[in-house]
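Residue numbers (the working numbering): 1 to 312. Positions of the beta carbon are idealized from the N, C-alpha and C atoms, including for glycine.
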């Protein structure tokens, strides 16, 4: 690793107005480490009152200015490794997530030991680590993106289990230099993130970047070792489903050489959708800041059906 951005370079929000902390050339294979913190969860354990939390919730480290990245390009972020701290957090914030009704009004915070590739969920139950990046994105053309909710066309807090080592995340560039920031690491997370949090953890994400010119994306995309995943954003949920399917269809036709008819038939057989994380696609009601508005949908297909990629 030739560059390390420490957690003191973190903050809330993605914005073109934030000065970059590093400038790099794309396509060199240079690896950059983004260090993240979990200070907000430590304060939650102690205080159990959001109004008293002073640490940033979901801080992102950066931004990194990527030379030659211009609006209309795509930033390809390849995740090489994620190093985890020795414990993570399971947290219930009253009113947040799909389990708010059964959990009620009392806070719940648990430190979760993580070591040797194992997450000790309870005294009796454990599971393997599955490290991933929850919050990864580039600056929007205008305004500021939250690091909590929602998900945006240029990324942000997407909470996708597919953003893991071995995967490449593709982000539409809207400002010169892209301005990449990363945060919110997870030791392991259920797909869809039922509780609005995963096993949250501090650590370091090691990535490299490249720029793909002349390729416009409507929303982020992830290529794992096994699958191509298109992100659909929209409200109501059917719009997000349509967008995810449409973008996957466009990828098959425009980038992999399928005819429209072949793409249609293949997708009808082996392309799948699922709801993404709980962050929604529109800014939430300020009176209910952890209640999603709109939806994130994922359309995925096994790469074994695609042949050689034309995007990367």
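- In chain order, 13, 14 and 15 place their CB closer than 7 angstroms to the CB of residue 144, counting only its own chain and leaving out the 5 sequence neighbours on each side.
- According to the DSSP assignment, residue 102 belongs to the alpha helix (DSSP H) that extends over 100 to 103.
- Residue range 178 to 188 is occupied by the beta strand (DSSP E) that includes residue 187.
- In this structure the region 79 to 88 lies against the region 199 to 213, because at least three pairs of beta carbons, one per stretch, are closer than 8 angstroms.
- If one requires a minimum length of 3 residues, the beta strand (DSSP E) runs lying completely within the region 10 to 58 are 22 to 24 and 32 to 36, in chain order.
- In the DSSP annotation of this structure, the continuous segment of the alpha helix (DSSP H) that includes residue 260 starts and ends at 260 to 270.
- Around the beta carbon of residue 220, 16 or more other beta carbons sit within 10 angstroms, so the residue counts as buried.
- Collapsing the DSSP output to three states places residue 73 in coil.
- Between the alpha carbons of residue 115 and residue 9 lies a distance of about 26 angstroms.
- Beta bridge pairing from DSSP links residue 273 with 299.
- Look at residue 252 here: in three-state DSSP terms it is helix.
- By the 16-neighbour rule on beta-carbons within 10 angstroms, residue 270 is exposed.
- Between the alpha carbons of residue 236 and residue 196 lies a gap of roughly 20 angstroms.
- With 16 or more other Cβ atoms inside 10 Å of its own Cβ, residue 181 counts as buried.
- Rounded to the nearest angstrom, the gap between the Cα atoms of residue 199 and residue 47 is 19 angstroms.
- Counting along the chain, no beta strand (DSSP E) covers residue 173, and no H or E run does either.
- In this structure, residue 244 places its C-beta atom within 7 angstroms of the C-beta atom of residue 273.
- In the displayed model, residue 93 falls within coil according to three-state DSSP, outside both helix and strand.
- Short of 7 angstroms from the beta carbon of residue 281, and not among the five residues preceding or following it, lie these beta carbons of its own chain, in chain order: 150, 151, 233, 234, 235, 240, 294, 295 and 296.
- In the displayed model, residue 144 falls within a strand according to three-state DSSP.
- In its chain, beyond the 5 residues on either side, 57, 58 and 157 have a beta carbon closer than 7 angstroms to the beta carbon of residue 148.
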